[in-house]
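Sequence lines, in order, name chains A and B.
Each residue of the first sequence is one higher than the one before, counting from 1 in the numbering used here.
Each residue of the second sequence is one higher than the one before, counting from 306 in the numbering used here.
Structure, as structure tokens:
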Amino acid sequence: MTTATLDPDISARRSALGRRILPYAMLSPAVLVTLAIVFFPMVQTAWMSLHEYVLFRPNDFNWVGLDNFRAALADEVFWISLKHTAIWMCTTIPAQLLLGLITALLLNQDFWWRPLARALIIIPWALPSVVIALMWTWIYDSNYGVANEFLLRLGVIQQAVPWLANPDTALASIILTLTWQGFPFFAVMILAGLQSIPASYYEAASIDGASAWRQFWHITLPGIAGVMMTAVLLRMIWVANSFDVIFVMTGGGPGYSTHTLPLYAFIKARTNLDFGYGSSIAVLFTIMLMVVVVFYLRRTGKAVD
Amino acid sequence: MAIRKTPKLKRFLTIEVPMLAILVFTLGPYLWMFITSVSPEETLFTSGPSLLNATFENYARLFDTVGFSDNLMDSLIVAVGTVIVGLSLSVTAAYSFSRFNFKGKRVLMLQFLLINMFPLVLLILPLFVLMRMLGLLDTHVALIIANSTVAIPFSIWMMVSYINGIPRSLDEAAMTDGCTRLQALRRVVLPLCMPGIIATGIYIFITSWNEYLYALTLGGRDVRTITVAVQTLIGEYEVQWGLLTAGGIVGAMPATVLFLIVQKRLISGLTQGAVKG
């Protein structure tokens, strides 16, 4: 700064102090709000999980230690929900990734209506999850839903199936909905990765006589590996969060057939008002998610190196 | 390009037809919802949804008898409030990240990334307790604060990349001419990254408009956003699909339209970090 040398001593020192404080002053509102709304509640959830806390008895806030966690591990519904969470994440994310990859590869080709396709493909991502749940409930409707009509006409099924009311098909139906909601995100991310691969690589490869498949395998895939890994990571966290679609579509039912862990925690707190127990499930779920994320980061970190 | 020239028909079959199929899958449910919403209620279950003799009676009912306009107003207040709070917090924070080097910068940036990692369900329960203690349950303020934190991390990320795109020499020139730091920010940097600010603002608006779980938990009788209203409709008018789908279309409309306006800029902001990192 040239001004510092021209100014008298004191004001130079003051402006140096100002320079040191200013970045923190500008950051502090954002940091304070997130501390208050994210980190403080987080600590509080952990604290509540160690207590017996039922909202209609607000004066009872008794320390119970790890009792809630012990109860959760002995709770059959907890294990059912855990199983569904695993199924749900292990099918939704690969399905989204695969469909997204195909879409991105297509969108990277030349055809005259490509700009339109690129603009429209992402629409599901911008819709409120409640509206998504509503329209898919209508599609799956057992009497008048278009899914049944379509499949009946094709002869795939012989009679109308109550997709969401049948415990055997409810989870699969929801997984299809979530796949539909999330694959455009993958497509857009992967497309950005594809566009960053220099065209000269492909030109060189085809001069060397590499087939389209080998070009895909040796140029395209390594070129988008980093983006795909980031996208999968972001999506894992996202999918783990998105129990709102399930909540609106089935509320976890019929029976417990579409319960997942975050949903179970939410229902426990919301309908049973059992905040202590709900918190302990939320904590357990978060720990498991963190373990998966760390494990994933280690594995993919090695793979990329 | 000349190297890989495939015959036109083959290209049509291998690229345009699959693309069209994927687009039909993507947009089909939305279009189906729209067609249902304009079908007359009497014929909906006899001849099925159709565009013939389309009517807007479902939409009229939505506003006349269900009172959707109040819900739209609530959503609008919350979304605009979130945009104001979220933008002012994230623009100043992003400027600080972009222009200064200071102790703890990495930790603070990491902190903002970490926020997105925690499942919402972990935060929702204590927030309900907290807001109840503060007497903020069922107010717009509670939702504005909660939604801001959801939007801030990504907004900061986007704004940092926009501000990084403006040369530092510009602020320095303004400061040599006698501006203070903040004046330089207001008169030079902000006008230059207006497009970025608009895109980020719209992103925040969409996030807030679409938010459901906080709205359900922290809202109530007085403040009922459109997403909660749509969900309540599902419970109340169980089989009146014409009305329900009309509610869905109205609820999705503002976010969809805004999104289509800025989608290019938003997507480049979204993917930049991932592609570089």
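Here a beta-carbon is modelled for each residue, glycine too, at the ideal position from N, C-alpha and C.
What you are looking at is a predicted structure, and each value in this text was computed from that prediction instead of being measured.
At a Cβ cut of 8 Å, what residues of the segment 318 to 331 of chain B count as close to chain A, listed as they run along the chain?
Residues I320, E321, P323, M324, I327, L328, F330 and T331.
Check the DSSP bridge columns for W63 (chain A) and list the partner residues they point to.
A:H51
Among A:W180, A:I197, A:W138 and A:G209, which residue has its Cα nearest to the Cα of L105 (chain A)?
Looking at the Cα atoms, A:I197 is the closest of the given residues.
Taking the Cβ atom as the reference point for each residue, do L332 (chain B) and V343 (chain B) lie within a distance shorter than 9 Å?
Not a contact, by the Cβ cut-off of 9 Å.
DSSP three-state call for D375 (chain B): helix, strand or coil?
Looking at D375 (chain B) - three-state DSSP - the assignment turns out to be helix.
Proximal chain B residues relative to G278 (chain A), where beta-carbon distance stays under 9 Å:
V426 and L430
Using beta carbons (cut-off 9 Å, strictly below), is V292 (chain A) in contact with chain B?
Taking CB atoms only, V292 (chain A) has no neighbour in chain B less than 9 Å away.
For A478 (chain B), is the classification buried or exposed, using 16 other Cβ atoms within 10 angstroms of its Cβ as the cut-off for buried?
exposed
G553 (chain B) touches chain C at which residues, Cβ-Cβ below 7 Å?
Absent from the structure: chain C. Protein chains present are A and B.
Leaving out five residues on either side along the sequence, give the residues of the same chain with a beta carbon under 7 Å from the beta carbon of P559 (chain B).
W514
In chain order, what residues of the same chain have a beta carbon less than 7 Å from the beta carbon of L549 (chain B), not counting five sequence neighbours either side?
L538, I539 and Y542
Buried or exposed for G409 (chain B), please, with buried defined as at least 16 other CB atoms from any protein chain shown within 10 angstroms of its CB.
exposed
What does I420 (chain B) reach in chain A if we use C-beta pairs closer than 7 Å?
T34 and V38
Under the three-state DSSP convention, the category D168 (chain A) falls into
helix
Short-range partners of chain B found in the segment 71 to 93 of chain A, where Cβ spacing is below 8 Å
none
Under DSSP, the alpha helix (DSSP H) around P500 (chain B) begins and ends at which residues?
M499 to N515
Would you mind telling me which residues of chain A sit closer than 9 Å to M338 (chain B), beta carbon to beta carbon, in chain order?
V131, L134, M135, W138 and I139
Evaluate C498 (chain B) with the Cβ neighbour count: other Cβ atoms within 10 Å of its Cβ, from every protein chain shown; 16 or more gives buried, anything less gives exposed.
Its Cβ being crowded by 16 or more others within 10 Å, C498 (chain B) is buried.
What's the C-alpha gap between S380 (chain B) and T530 (chain B)?
5 Å
L490 (chain B) versus L392 (chain B) - alpha carbon distance:
14 Å
Can you list, in chain order, the residues of its chain whose CB lies under 7 Å from that of L563 (chain B), leaving out five sequence neighbours each side?
I507, F510 and I511
Within the chosen definition, does the segment 146 to 163 of chain A reach the segment 282 to 301 of chain A through at least 3 CB pairs nearer than 8 Å?
No contact exists between the segment 146 to 163 of chain A and the segment 282 to 301 of chain A.
DSSP state of D141 (chain A) mapped onto helix, strand, coil:
Note: D141 (chain A) maps to coil in three-state DSSP.
Can you check DSSP and say which residues form a bridge with D274 (chain A)?
A:V54
Check whether G276 (chain A) and N68 (chain A) have beta carbons under 9 Å apart
yes
Just to confirm my understanding: we take D375 (chain B), look at its own chain, exclude 5 residues before and 5 after, and list those with CB closer than 6 Å. What are they?
none
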